[in-house]
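Student: Before we start, here is the structure in question, set down as structure tokens.
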């Protein structure tokens, strides 16, 4: 039986876009309800749950994606239950230790100078790290079992919808930060229950059909040998996502952290396009590499990269030209950060053009290489943030972020080409690059000059420029590689 990668990819993309919009809307509600200072506190709540979960899971979710898909591809479906045991028991233990340590740290006797609001938020949020870790493992198992759409519905539709509704209720009722922390954390319990049930439902129940030359079965040692390196890399990724916001808060105050966090959230919406590609193609690439089908893995990679450029570049170009309009939705005090979109989005466009190199690196088993890349990126981010934030303010943090992104991407792209032999050529990417720059970049520049960079100009750009771009993409779908992407097949 064959499924179209495009079908699952399109559905997953819609789910991810919805999830990004819902999460963004929740942050918008908080920013308008609590102001820049409250927004900064909200970002700290998000950071706590994100980093705590990454520490607890320690890469086991990615291990489940890669190893379950590879074992099922060679006919060893019975291994899935053992893999789940390898992942769940240590992760729950780690999560319990992290949650308990956080609660102990928040005791007044140990941290007498901690603001009362932060102490209360920590008390409320920390226990949910255990549930969040289990939910993340279930997500990894669903992806490894090729249930990409099911996973994205849970992560990008159900979870952000529940959070948005809860946050709106908190703001509407005028409740405080403790209730805001609960609004962000409680939905995890419901999503965990649904995800756990679905993992059990999709477990392989047919007899194994393993070939003599198939890859060997995984042990707990080999599973964690891969996952632990990815775990450190995931923790580094989480720190990279929040280090600039946290350091801006230290150097410039909570309000400045909230303003920069708004820019961060906008750019992360664009990064979700690459994240979607990784979710959709990761299991297929892993299965292809496990069965020696490198040509098929390259076809998936190249087709996806061309689609990434065609979708992500217009998004980043829109932010660059219409940053004032986009940030004004958070409040007038946020628009001062608009110029830094040019710094960050330029780097993100180059990263998108590199394609899903992170996914290929992971699915080829090089989790330690990715770890070293992330550590290099973190070193760049830390040094540049410490040097540039005091001198340049928000622009310094943006420069550090851009440098870190380019460091990570360039290292991964080089390694994927040298180790796996996969990369997209300039000729393959040229049509999407040229069309994006000329139509969207040129059109956005013209509209911003004639109409302005505020809401009216943004609306004209969205309707006229992006409307024209969409029509041209449809007409040129063969040259852009979209037609090839739409005919890609995934067998399981």
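Residue numbers (this note's numbering): 40 to 531. Beta carbons are placed, not taken as given, at the ideal position from N, Cα and C, and that holds for glycine. Keep in mind it's a predicted model, so treat the numbers as computed, not measured.
1) Report buried or exposed for residue 512, applying the criterion of at least 16 other Cβ atoms within 10 angstroms of its Cβ.
2) Could you tell me if residue 369 is buried or exposed, where buried requires 16 or more neighbouring beta carbons within 10 angstroms of its beta carbon?
3) Measuring CB to CB, does residue 373 end up less than 9 Å from residue 70?
4) Indicate the three-state DSSP secondary structure (helix, strand or coil) for residue 464 in the structure shown.
5) Can you say whether residue 15 is buried or exposed, counting buried as having 16 or more other CB atoms within 10 angstroms of its CB?
6) Where residue 140 and residue 124 are concerned, what is the direct C-alpha to C-alpha distance, given to the nearest angstrom?
7) Please state if the CB of residue 165 and the CB of residue 87 are separated by a distance shorter than 9 Å.
8) Rounded to the nearest angstrom, what separates residue 288 and residue 295 at their Cα positions?
9) By DSSP, does residue 124 sit in helix, in strand, or in coil?
10) Determine, using beta carbons only, whether residue 436 and residue 236 come nearer to each other than 9 Å.
11) Using the three-state DSSP reduction, which class does residue 518 fall into: helix, strand or coil?
12) Report the three-state DSSP secondary structure of residue 186 (helix, strand or coil).
13) Between the beta-carbon of residue 98 and the beta-carbon of residue 265, is there less than 9 Å?
14) Under the rule that 16 or more other beta-carbon atoms within 10 Å means buried, what is residue 152, buried or exposed?
15) Could you tell me whether the segment 438 to 453 touches the segment 374 to 384, using the rule of 3 or more Cβ pairs below 8 Å?
16) Extract the residue ranges of the alpha helix (DSSP H) inside the segment 261 to 305, only unbroken runs of 4 or more that lie entirely within it.
17) In three-state DSSP terms, what is residue 119?
18) Anyone know if the C-beta pair for residue 197 and residue 233 falls short of 9 Å?
19) Is it right to say residue 531 is buried, meaning 16 or more other beta carbons lie within 10 angstroms of its own, or is it exposed?
20) Does DSSP put residue 529 in a helix, a strand or coil?
Tutor: Walking through what the data contain:
1) The Cβ neighbour count for residue 512, taken over all protein chains shown within 10 Å, is at least 16; the residue is labelled buried.
2) Residue 369 is buried by the Cβ-count criterion.
3) Annotated as proximal: residue 373 and residue 70, with beta-carbon spacing under 9 Å.
4) Looking at residue 464 - three-state DSSP - the assignment turns out to be coil, as it is neither helix nor strand.
5) With the chain represented from 40 up to 531, any question about residue 15 goes unanswered, as that position is not in the structure.
6) CA-CA distance, residue 140 to residue 124, rounds to 24 Å.
7) Contact: yes.
8) The alpha-carbon atoms of residue 288 and residue 295 are separated by roughly 6 Å.
9) In this structure, residue 124 counts as helix in the three-state DSSP scheme.
10) Against a cut-off of 9 Å, the Cβ pair of residue 236 and residue 436 comes out as no contact.
11) Reduced to three states, the DSSP call for residue 518 is coil.
12) Three-state DSSP puts residue 186 in coil, outside helix and strand.
13) Closer than 9 Å, so yes.
14) Residue 152 should be labelled exposed.
15) The segment 438 to 453 vs the segment 374 to 384: in contact.
16) Listed in chain order, nothing qualifies, since the segment 261 to 305 has no complete alpha helix (DSSP H) run of 4 or more residues.
17) Helix at residue 119.
18) The Cβ-Cβ distance between residue 197 and residue 233 falls below 9 Å.
19) Reliability of the predicted coordinates at residue 531 is poor, the pLDDT of 41 falling under 50, and the value obtained from them is presented with this limitation in mind. By the beta-carbon neighbour count (other beta carbons within 10 angstroms, threshold 16), residue 531 is exposed.
20) Only weak support is given to the placement of residue 529: the predicted model assigns it a pLDDT of 44, under 50, and the question is left unresolved by the model.
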